[in-house]
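In my numbering, the protein residues as written are 1105 to 1474.
1. Is it right to say residue 1445 is buried, meaning 16 or more other beta carbons lie within 10 angstroms of its own, or is it exposed?
2. List the whole-angstrom C-beta distance separating residue 1301 from residue 1266, where the pair is believed to meet the contact cut-off of C-beta under 8 Å.
3. Taking the alpha-carbon of residue 1361 as reference, which of 1299, 1441, 1347, 1456 has the nearest alpha-carbon?
4. Please classify residue 1378 as buried or exposed, where buried requires at least 16 other C-beta atoms within 10 Å of its C-beta.
5. From which residue to which residue does the beta strand (DSSP E) around residue 1435 run?
6. Is residue 1220 helix, strand or coil when you go by DSSP?
7. Do residue 1365 and residue 1438 come within 7 Å of each other at the CB atom, strictly closer than that value?
8. Given a threshold of 16 other Cβ atoms within 10 Å of its Cβ, counted over all protein chains shown, does residue 1419 qualify as buried or as exposed?
9. Among the residues of its own chain, which have a CB less than 8 Å from the CB of residue 1475, if the five just before and after it don't count?
10. Give the DSSP-derived three-state secondary structure of residue 1127 in the structure shown.
11. Checking 7 Å against the spacing of the C-beta atoms, do residue 1349 and residue 1404 come in under that value?
12. Which term fits residue 1408, buried or exposed, when burial requires 16 or more other beta carbons within 10 angstroms of its beta carbon?
13. Can you list, in chain order, the residues of its chain whose CB lies under 8 Å from that of residue 1368, leaving out five sequence neighbours each side?
14. Name the DSSP beta bridge partners of residue 1419, please?
15. Please determine, among 1209, 1227, 1213, 1226, the residue with the shortest C-alpha to C-alpha distance to residue 1219.
16. From the DSSP secondary-structure annotation, give me the bridge partner or partners of residue 1192.
17. Taking residue 1344 as part of the beta strand (DSSP E), name the residues at either end of that continuous run.
18. Using the Cα positions of residue 1239 and residue 1447, report the straight-line distance between them to the nearest angstrom.
19. What number of angstroms, rounded off, separates the C-alpha of residue 1373 from the C-alpha of residue 1324?
20. Ordered along the chain, which non-local residues of its own chain (more than five positions away) have a Cβ less than 7 Å from that of residue 1262?
21. Would you mind sorting residue 1275 into buried or exposed? The rule is 16 or more other CB atoms within 10 Å of its CB.
22. Name the DSSP bridge partner or partners of residue 1355?
23. Can you round the beta-carbon distance between residue 1129 and residue 1158 to whole angstroms, since I take them to be within the 8 Å contact cut?
24. Whose C-alpha, out of 1375, 1381, 1380, 1401, is nearest the C-alpha of residue 1387?
25. For the alpha helix (DSSP H) containing residue 1168, name the first residue and the last one.
26. In angstroms, rounded to a whole number, what distance separates the CA positions of residue 1452 and residue 1460?
27. Provide the residue span of the alpha helix (DSSP H) that contains residue 1146, from first to last.
28. For residue 1232 and residue 1171, what's the separation of their Cα atoms in angstroms?
29. Buried or exposed: residue 1299, going by 16 or more other Cβ atoms within 10 Å of its Cβ?
30. Kindly give me the distance between the Cβ atoms of residue 1406 and residue 1376, rounded to whole angstroms, as I take these residues to be in contact under 8 Å.
31. Tell me which residue opens and which closes the beta strand (DSSP E) that residue 1453 is part of.
32. Leaving out five residues on either side along the sequence, give the residues of the same chain with a beta carbon under 7 Å from the beta carbon of residue 1313.
33. What separation, rounded to the nearest whole angstrom, lies between the Cα atoms of residue 1216 and residue 1189?
34. Three-state secondary structure (DSSP) at residue 1299?
35. From residue 1466 to residue 1384, what does the alpha carbon distance come to, in whole angstroms?
36. Within 10 angstroms of its Cβ, does residue 1464 collect 16 or more other Cβ (buried), or is it exposed?
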């Protein structure tokens, strides 16, 4: 009677630990005891789970299998071990548990199984991962700030050299007659220098925030002018196709920022393994005839993306690339520029089916700087 009373008291104590799972198993890893804390964490009642193998509670991942093996080897050696391990609830959802497993002996003093005590740390672990992600974002942001200042410094010095080249070229031009055989070479030098000055301007735009200077732009003409830049961005093996609509109204946009938008989307297509990038301009299908908007569609046949990725696509620092392989800012910059110009951007994509970005830009008279 005393032993039964003691056993009942012990069971009541174990079941009162509602936030801690206490699970006993035999030598065949079958569950022999299951407290209310385990029921709260995993969702199984004692009658549903007792007699089943404890393996049913573990997620089927290489990391989990490795940790289960460590726990069982530890028990066999008569030692206690604590690990953080991914398990699963009755509904199949994952749960992270801080699990301590110790050997359990029988009345004869021999190993009879194991006793596991677990605490649900799913929320705690998520908070830690969020903190680590924010820490990585801060480091990435600081790196981008340093790169921006460095780019600005280089571009400033670069511009000084270009100004000297342009100055001396102007002097030489005055001393050359149009029929001089060196005149054409000089004009090529001046043209290349102007292109280099544009590049320096892009570096300066990257290095600091600048107001958007609106001007009426013919989208088709601008895209055609960007063609060589886009070909260089895409590299070999990726076909660039233009499908430009006719008689489109002008849009009010900062020319350099429009270049940044298109280049960033081209880089996204390149990194997605695309073999073809198609850029189309048109009036939006649902706004035909009102000439208030122009639509730019940037479509690739790359690997595409799922709904979860699309949900976070324009968030700053979000990237599916390996750490250090991307800033996660490219598409967030695109989103910010489009919004700054009172436009809209949408994305349509499925895994294995490529990605389509649609940019809708308002037309009208320019309003100066934003």
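The C-beta atom is built at its ideal place from N, Cα and C for all residues, glycine as well.
Let me spell this out:
1. Within the chain shown, the letter at position 341 stands for residue 1445. Buried, by the Cβ-count rule.
2. Along the chain shown, read from residue 1 onward, the residue named residue 1301 stands at position 197. Along the chain shown, read from residue 1 onward, the residue named residue 1266 stands at position 162. Right, their Cβ atoms sit about 5 Å apart.
3. To locate residue 1361, count along the chain shown from 1; it is residue 257. Looking at 1299, 1441, 1347, 1456, the one whose alpha-carbon comes closest to that of residue 1361 is 1441.
4. Position 274 of the chain shown, counted from the start, is the residue given in the question as residue 1378. Answer is buried; the Cβ neighbour count reaches 16.
5. Here residue 1435 corresponds to residue number 331 of the chain shown, with the count starting at 1. Here residue 1435 belongs to no beta strand (DSSP E); instead the alpha helix (DSSP H) covers 1434 to 1444.
6. On the chain shown, position 116 is the one that residue 1220 refers to. Note: residue 1220 maps to strand in three-state DSSP.
7. In the chain shown, residue 1438 corresponds to position 334, counting from 1. In the chain shown, residue 1365 corresponds to position 261, counting from 1. Cβ atoms of residue 1438 and residue 1365: closer than 7 Å.
8. If you number the chain shown from 1, residue 1419 lands on position 315. Exposed is the call here.
9. Since the displayed the chain opens at 1105 and closes at 1474, residue 1475 lies outside it and no answer follows.
10. Residue 1127 sits at position 23 when you count from the first residue of the chain shown. Collapsing the DSSP output to three states places residue 1127 in a strand.
11. One-based indexing of the chain shown puts residue 1349 at position 245. One-based indexing of the chain shown puts residue 1404 at position 300. Using a Cβ distance threshold of 7 Å, residue 1349 and residue 1404 do not count as a contacting pair.
12. Stepping through the chain shown from its first residue, residue 1408 is reached at position 304. With 16 or more other Cβ atoms within 10 Å, it is buried.
13. Translated into positions along the chain shown, residue 1368 becomes position 264. Excluding residues within five positions, the ones whose Cβ falls inside 8 Å are 1434, 1435, 1437, 1438.
14. Against the chain shown, residue 1419 aligns to sequence position 315. Residue 1419 pairs with nothing; no bridge assigned.
15. Position 115 of the chain shown, counted from the first residue, corresponds to residue 1219. Comparing Cα-Cα distances from residue 1219 to each of 1209, 1227, 1213, 1226, the minimum goes to 1209.
16. Counting from 1 along the chain shown, the entry for residue 1192 is found at position 88. In the DSSP output, where bridge partners are listed per residue, residue 1192 has 1198.
17. Looking up residue 1344 in the chain shown gives position 240. Start and end: 1343 to 1348.
18. Counted from its first residue, the chain shown places residue 1239 at position 135. Counted from its first residue, the chain shown places residue 1447 at position 343. One Cα belongs to residue 1239, the other to residue 1447, and the distance between them is close to 32 Å.
19. Taking the first residue of the chain shown as 1, we reach residue 1373 at position 269. Taking the first residue of the chain shown as 1, we reach residue 1324 at position 220. Cα to Cα, the separation comes out at about 20 Å.
20. Residue numbering aside, residue 1262 sits at position 158 when the chain shown is read from its first letter. Cβ neighbours of residue 1262 beyond the five flanking positions: 1304.
21. One-based indexing of the chain shown puts residue 1275 at position 171. It is exposed - the Cβ of residue 1275 has fewer than 16 other Cβ atoms within 10 Å.
22. Counted from its first residue, the chain shown places residue 1355 at position 251. Paired residue(s): 1321, 1467.
23. For the purposes of this step, residue 1129 is taken as residue 25 along the chain shown, with counting starting at 1. For the purposes of this step, residue 1158 is taken as residue 54 along the chain shown, with counting starting at 1. Yes, residue 1129 and residue 1158 are in contact; Cβ-Cβ is about 5 Å, under 8 Å.
24. On the chain shown, residue 1387 is found 283 positions in, with the first residue counted as 1. Taking only the C-alpha atoms, the option nearest residue 1387 is 1401.
25. Your numbering for residue 1168 matches position 64 in the chain shown. That run of the alpha helix (DSSP H) goes 1166 to 1180.
26. Position 348 of the chain shown, counting from 1, holds the residue named residue 1452. Position 356 of the chain shown, counting from 1, holds the residue named residue 1460. So the two alpha carbons sit approximately 5 Å from each other.
27. Counting from 1 along the chain shown, the entry for residue 1146 is found at position 42. Looking at the DSSP string, the run of the alpha helix (DSSP H) that includes residue 1146 is 1140 to 1146.
28. One-based indexing of the chain shown puts residue 1232 at position 128. One-based indexing of the chain shown puts residue 1171 at position 67. Roughly 21 Å between the two C-alpha positions.
29. Looking up residue 1299 in the chain shown gives position 195. Exposed is the call here.
30. As a working note, residue 1406 is residue 302 in the chain shown. As a working note, residue 1376 is residue 272 in the chain shown. That pair is a contact at about 3 Å.
31. Stepping through the chain shown from its first residue, residue 1453 is reached at position 349. Its beta strand (DSSP E) spans residues 1448 to 1453.
32. In the chain shown, the residue the question calls residue 1313 occupies position 209. Residue confidence is low: residue 1313 scores 46 on pLDDT, short of 50, so the model does not pin down where it sits. Its coordinate-derived value is still stated next. Excluding positions up to five away in sequence, the list is empty.
33. Residue mapping note: residue 1216 aligns to position 112 of the chain shown, counting from 1. Residue mapping note: residue 1189 aligns to position 85 of the chain shown, counting from 1. Going by the C-alpha atoms only, they are around 23 Å apart.
34. Here the question's residue 1299 lines up with position 195 in the chain shown. Residue 1299: helix per DSSP, three-state reduction.
35. On the chain shown, position 362 is the one that residue 1466 refers to. On the chain shown, position 280 is the one that residue 1384 refers to. The straight-line gap from Cα to Cα measures roughly 16 Å.
36. Reading the chain shown from its first residue, position 360 is the one you call residue 1464. Flag for residue 1464 reads buried.
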